[in-house]
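Trainee: Numbering (this note's numbering), first residue to last: 15 to 225. Quick one: structure below, then a few questions.
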Ligand code: PRP
Ligand code: URA
């Protein structure tokens with residue numbers, strides 16, 4: 015369902031997989047596979063307006079012009095670490111996409127994000143840019159990531175997360191009203207440690223088996 019710049023996903027496959035992710039008994043291996051699958055299903059929708067270009071090919075019958083996605087038109091940008099878990103799901107659909115990386119970590123006490131890495135494909139101005147992070151909590155990391163991409167010239171930016179808190183969506187859409195936000199499920203709220211409730215815990219730790 016799309017309301018203004020926010021798209022949420024009612025599809026039963028996505029909701030079912032998110033429920034398994036939430037379960038604290040779900041182990042690293044299954045968690046990783048599910049994040050990848052959910053990212054693939056969500057990006058099918060998020061990339062529905064990818065530009066096509068007519069190319070000439072020859073079928074066994076005759077030559078024809080037929081539309082194809084131009085890989086260099088898409089850049090995907092995971093926010094490290096947890097966004098990395100979504101990359102393979104999107105690449106399964108668009109294997110020729112370029113991949114940038116933005117490294118941010120949240121301070122455990124202040125919850126303010128700190129940048130430690132940024133490498134984006136160049137030139138980026140003409141590309142559709144899909145920013146990936148499974149968790150949109152306070153929204154601080156998403157806002158900073160989009161700021162960085164815009165500073166590098168990025169214009170057509172979409173943000174995709176698996177679970178979001180209402181305040182994170184609000185913060186991101188106020189800071190960047192031009193971007194489309196795709197969210198697998200909107201949860202209730204944040205707790206005192208700025209974790210999403212009910213959420214799924216620490217996405218990075220669950221994807222990489224740390225902690
Ligand atoms: C998590 C998550 C987001 C961020 C969301 O990353 O993957 O990037 O927190 O929180 P926010 O919306 O309040 O900014 P974290 O900083 O824990 O780093 P990690 O992925 O390396 O574990
Ligand atoms: N980061 C996470 O990994 N989980 C949350 O609930 C909030 C931020």
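Where is the CB? At the ideal position from N, CA and C, for every residue including glycine.
#1: Between the Cα of residue 131 and those of 123, 146 and 115, spot the shortest distance and give me the residue it belongs to.
#2: Between which residues of its own chain and residue 157 is the CB-CB distance below 8 Å, once the five residues before and five after are set aside?
#3: Indicate whether residue 196 and residue 50 have their beta-carbon atoms separated by less than 8 Å.
#4: Looking at residue 161 and residue 142, is the spacing between their C-beta atoms short of 8 Å?
#5: Cβ of residue 95 versus every heavy atom of ligand 4: is any distance shorter than 7 Å?
#6: May I ask you to report which of helix, strand or coil DSSP gives residue 15?
#7: With respect to 7 Å, is the separation between the Cβ of residue 111 and the closest non-hydrogen atom of ligand 2 below this value?
#8: Could you name the residues of the same chain whose beta carbon sits closer than 6 Å to that of residue 53, not counting the 5 residues immediately before and after it, in chain order?
#9: Inspect the beta-carbon positions of residue 34 and residue 40 and report whether they are closer than 8 Å.
#10: Would you say the beta carbon of residue 196 is closer than 7 Å to some non-hydrogen atom of ligand 2?
#11: Based on the DSSP output, what are the partners of residue 194 in its beta bridges?
#12: At which residues does the alpha helix (DSSP H) containing residue 30 begin and terminate?
#13: Compare the beta carbon distance of residue 138 and residue 113 with 8 Å and say whether it is the shorter of the two.
#14: On the three-state DSSP scale, how would you describe residue 64?
#15: Would you say the beta carbon of residue 36 comes nearer than 7 Å to a heavy atom of ligand 1?
#16: Tell me which residues share the same chain as residue 199 and place their Cβ nearer than 6 Å to its Cβ, disregarding the 5 neighbours each side in the sequence.
#17: Where in the stretch 144-173 do unbroken runs of the alpha helix (DSSP H), each at least 4 residues long, occur, reported from the N-terminal end onward?
#18: Closest to residue 216 by C-alpha separation, out of 134, 97, 77 and 18, would be which residue?
#19: Report yes if the C-beta distance between residue 222 and residue 95 is below 8 Å; otherwise report no.
#20: State buried or exposed for residue 123, treating a residue as buried only when at least 16 other CB atoms are found within 10 Å of its CB.
#21: Measure the C-alpha to C-alpha separation of residue 17 and residue 75 and round it to an integer number of angstroms.
#22: Taking its Cβ as the centre, do 16 or more other Cβ atoms sit within 10 Å of residue 167, making it buried, or is it exposed?
Mentor: According to the structure data:
#1: By 1-based counting over the chain shown, the position of residue 131 is 117. Closest option to residue 131, Cα to Cα, is 115.
#2: Position 143 of the chain shown, counting from 1, holds the residue named residue 157. Only 185, 186, 189 and 190 meet the Cβ criterion.
#3: As a working note, residue 196 is residue 182 in the chain shown. As a working note, residue 50 is residue 36 in the chain shown. No Cβ-Cβ contact shorter than 8 Å links residue 196 with residue 50.
#4: Locating residue 142 in the chain shown gives position 128, where the first residue counts as 1. Locating residue 161 in the chain shown gives position 147, where the first residue counts as 1. No, the Cβ-Cβ distance between residue 142 and residue 161 is not below 8 Å.
#5: The ligand content of the structure shown is limited to ligand 1 and ligand 2, which means ligand 4 is not among them.
#6: If you number the chain shown from 1, residue 15 lands on position 1. In this structure, residue 15 counts as coil in the three-state DSSP scheme.
#7: As a position in the chain shown, residue 111 is number 97, starting the count at 1. Incorrect: residue 111 has no Cβ contact closer than 7 Å to ligand 2.
#8: The residue you call residue 53 lines up with position 39 of the chain shown. Contacts found: 100, 103 and 104.
#9: Position 20 of the chain shown, counted from the start, is the residue given in the question as residue 34. Position 26 of the chain shown, counted from the start, is the residue given in the question as residue 40. In this structure, residue 40 lies closer than 8 Å to residue 34 by Cβ.
#10: Here residue 196 is taken as the residue at index 182 of the chain shown, counted from 1. No, since every heavy atom of ligand 2 falls outside the 7 Å radius drawn around the Cβ of residue 196.
#11: Here residue 194 is taken as the residue at index 180 of the chain shown, counted from 1. Its beta-bridge partners are 172.
#12: Taking the chain shown and counting its residues from 1, one reaches residue 30 at position 16. Residues 26-36.
#13: Taking the chain shown and counting its residues from 1, one reaches residue 138 at position 124. Taking the chain shown and counting its residues from 1, one reaches residue 113 at position 99. Between residue 138 and residue 113, the CB-CB gap reaches or exceeds 8 Å.
#14: What you label residue 64 is simply residue 50 of the chain shown in a count that begins at 1. In the structure shown, residue 64 sits in coil (DSSP, three-state: anything other than H, G, I, E or B).
#15: Sequence index remark: in the chain shown, residue 36 carries index 22 (1-based). Not under cutoff, so the answer is no.
#16: Locating residue 199 in the chain shown gives position 185, where the first residue counts as 1. For residue 199, where only same-chain residues beyond five positions count, the Cβ hits under 6 Å are 32 and 177.
#17: Runs found: 154-165.
#18: Sequence index remark: in the chain shown, residue 216 carries index 202 (1-based). Closest in alpha carbon position to residue 216, among 134, 97, 77 and 18, is 97.
#19: One-based indexing of the chain shown puts residue 222 at position 208. One-based indexing of the chain shown puts residue 95 at position 81. Yes, these two residues count as a Cβ contact at 8 Å.
#20: Along the chain shown, read from residue 1 onward, the residue named residue 123 stands at position 109. Counting of Cβ neighbours within 10 angstroms places residue 123 among the exposed residues, the total staying below 16.
#21: Here residue 17 is taken as the residue at index 3 of the chain shown, counted from 1. Here residue 75 is taken as the residue at index 61 of the chain shown, counted from 1. For residue 17 and residue 75, the gap between their C-alpha atoms comes out near 45 Å.
#22: Residue mapping note: residue 167 aligns to position 153 of the chain shown, counting from 1. Label assigned to residue 167: exposed.
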